[in-house]
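Asks:
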Amino acid sequence: MRRWSSPCKNGPVLICFDLFCDVGKSLSTLVNELADDHVYQAILGFTPSEDRLGEYEKIEGEDILFVYDQKENLFKDRKLMFPLLAHA
Numbered sequence: 001m002r003r004w005s006s007p008c009k010n011g012p013v014l015i016c017f018d019l020f021c022d023v024g025k026s027l028s029t030l031v032n033e034l035a036d037d038h039v040y041q042a043i044l045g046f047t048p049s050e051d052r053l054g055e056y057e058k059i060e061g062e063d064i065l066f067v068y069d070q071k072e073n074l075f076k077d078r079k080l081m082f083p084l085l086a087h088a
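full-length UniProt numbering puts the first residue of the sequence shown at 1, with every later residue one more than the last.
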């Protein structure tokens, strides 16, 4: 687990590249334990296992993923991403 809090346009942000914990711990609980009183936003470098409401931002760049439409599309019904730690 890496904790990094840095100033952002509207205040500090907590960036979590990955979280390791006991099974059953709530993501909200973990983020609240890591964040200090000045953190207003948490950016996750992975797809949470919990389905929950939140703000999602589409990230565009050089890395494009093509999904063959004749096969199962894992991204169709869920918002998924490749973990930031998986990028070389």
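Cβ atoms here follow ideal geometry from the backbone N, Cα and C, with glycine treated the same way.
Only a predicted model underlies this, so the values are computations on that prediction, with no experimental measurement involved.
Pick out whichever of 22, 77 and 13 has its Cα sitting closest to the Cα of residue 40.
Replies: The residue labelled residue 40 in the question sits at position 40 within the sequence shown. Residue 13 is the option with its Cα nearest to residue 40.
Asks: If I measure Cβ to Cβ from residue 25 and keep anything under 7 Å in the same chain, skipping five residues before and after, which residues do I get?
Replies: Sequence index remark: in the sequence shown, residue 25 carries index 25 (1-based). No residues qualify anywhere along the chain.
Asks: Could you give the first and the last residue of the continuous beta strand (DSSP E) run that contains residue 13?
Replies: What you label residue 13 is simply residue 13 of the sequence shown in a count that begins at 1. Counting along the chain, the beta strand (DSSP E) containing residue 13 begins and ends at 13-16.
Asks: Would you tell me roughly how many angstroms separate the C-alpha atoms of residue 18 and residue 46, rounded to the nearest one?
Replies: Here residue 18 corresponds to residue number 18 of the sequence shown, with the count starting at 1. Here residue 46 corresponds to residue number 46 of the sequence shown, with the count starting at 1. Roughly 7 Å separates the two Cα atoms.
Asks: Should residue 46 be flagged as near chain B, meaning a C-beta pair shorter than 9 Å?
Replies: Here chain B cannot be found, since the structure has a single protein chain.
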